[in-house]
Amino acid sequence: MNKDRQIAVVINTYNAEQHLKEVLDSVKEFDEILVCDMESTDNTRAIAQQYGCRIVTFPKGQHSIVEPAREFAIHEAGCEWVLVVDADEVVTPQLKDYLYSEIAKPDCPDGIAIPRKNYFMGQFLHSAYPDYILRFFRKEKTHWPPVIHCSPVVDGRVVRIPKNQKELAFIHLANDSVSDIIRKSDTYSNYELPRRRHKNYGVGKLFARPIFRFVKSYFIKRGFLDGKAGLIHALLDAVYQFVIVAKLLEERTKKTIEY
5 MNKDRQIAVV INTYNAEQHL KEVLDSVKEF DEILVCDMES TDNTRAIAQQ
55 YGCRIVTFPK GQHSIVEPAR EFAIHEAGCE WVLVVDADEV VTPQLKDYLY
105 SEIAKPDCPD GIAIPRKNYF MGQFLHSAYP DYILRFFRKE KTHWPPVIHC
155 SPVVDGRVVR IPKNQKELAF IHLANDSVSD IIRKSDTYSN YELPRRRHKN
205 YGVGKLFARP IFRFVKSYFI KRGFLDGKAG LIHALLDAVY QFVIVAKLLE
255 ERTKKTIEY
């Protein structure tokens, strides 16, 4: 096969044994599978070896986010095209066929944003679909900034797979519990602070941002179709926004205290 028509799957891992076999089964027919491991202490590397993956190591050190390892990993891949897959995401056969058919076209875009199906309390969430993520691109035209939850920067044309083509969506195997979401809200909100310090949030934002997020999740994005799971998830979305604003106000208050 022509080298510029090959696709490498890149998977960043750290203690990712839980879903890794299912993920690797779903991508085994791609041209290359590269696992970039951040010094896992479980069976992640052993599983990757069993599947014949090429394994590279990105030293974890003080890194608590995956994004710095993303940039390293995608440029370690040996193919022109890269599909980044999390260690808890399944690639459908239809998505694989679609990507190969796209790169065979002379007018193929430089990046493709892929929808993702998310689940909560054991069911598909309408409010969390299509959850577009930019994960397919030309390697040499792409840079991944070292910022939590950021998207890669692609120097070229980027398109989205239509959301009604659900058979082309990633399947997100993670089914976080309420406790998981609360724990992640505390962790992720800390990473949001540097990005939002320039915003002059007042006390009113403690109400405005959570209310807006709840309305968006439950009504605009149709979380009401998901029953109690949709209601709980929308409220947790609102709590996350409350926590971000509360931490910013707390931080500002601490700076005014004189000891």
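The sequence shown begins at 5 in our numbering and counts up by one.
We put the CB at the ideal spot given by N, CA and C, even for glycine.
Item to complete: Taking only runs that begin and end inside the stretch 86–135, name each unbroken beta strand (DSSP E) of 3 or more residues, in chain order.
Response: Unbroken beta strand (DSSP E) runs of no fewer than 3 residues, entirely contained in the stretch 86–135, are found at 115–118, following chain order.
Fill in: Span separating the alpha-carbon of R199 from that of K232
Between R199 and K232, the C-alpha separation is close to 32 Å.
Discussion item. Under DSSP, the alpha helix (DSSP H) around R49 begins and ends at which residues?
Written reply: Here the alpha helix (DSSP H) through R49 covers 48–54.
Discussion item. Rounding to the nearest angstrom, what Cα-Cα distance links R217 and L239 in this structure?
Written reply: Straight through space, the alpha carbons of L239 and R217 are spaced by roughly 9 Å.
Worksheet item: Any idea what DSSP makes of N194, helix, strand or coil?
Response: Looking at N194 - three-state DSSP - the assignment turns out to be helix.
Discussion item. Which of the three DSSP states is assigned to L177 in this structure?
Written reply: Looking at L177 - three-state DSSP - the assignment turns out to be coil, as it is neither helix nor strand.
Worksheet item: To the nearest whole angstrom, what separates the beta carbons of D29 and I11, a pair I think is in contact under 8 Å?
Response: At roughly 17 Å, the Cβ-Cβ gap does not stay under 8 Å, so D29 and I11 are not in contact.
Discussion item. Do L210 and V249 count as a contact pair if the criterion is CB distance below 7 Å?
Written reply: Yes, they are a contact pair.
Worksheet item: Can you name, in chain order, every residue of its own chain whose Cβ lies under 6 Å from the Cβ of Y18, other than the five neighbours on each side?
Response: Excluding residues within five positions, the ones whose Cβ falls inside 6 Å are M42, S44.
Worksheet item: In or out: N122 buried (at least 16 other Cβ within 10 Å) or exposed?
Response: That one is buried.
Worksheet item: Using a Cβ-Cβ cut-off of 6 Å (strictly less than) and excluding sequence neighbours within five positions of A117, which residues of its own chain qualify?
Response: Result list for A117: Y136, L138, R164, in chain order.
Item to complete: Grab the span of the beta strand (DSSP E) containing A73 for me, first residue to last.
Response: It is not in any beta strand (DSSP E) - A73 instead sits in the alpha helix (DSSP H) that spans 71–78.
Worksheet item: Between which two residues does the alpha helix (DSSP H) harbouring L138 extend?
Response: Note, L138: premise wrong, no alpha helix (DSSP H); beta strand (DSSP E) at 137–142.
Discussion item. Using 8 Å for Cβ pairs, my map puts A178 next to P134. What's the rounded Cβ distance?
Written reply: So it is not a contact: roughly 17 Å between Cβ atoms.
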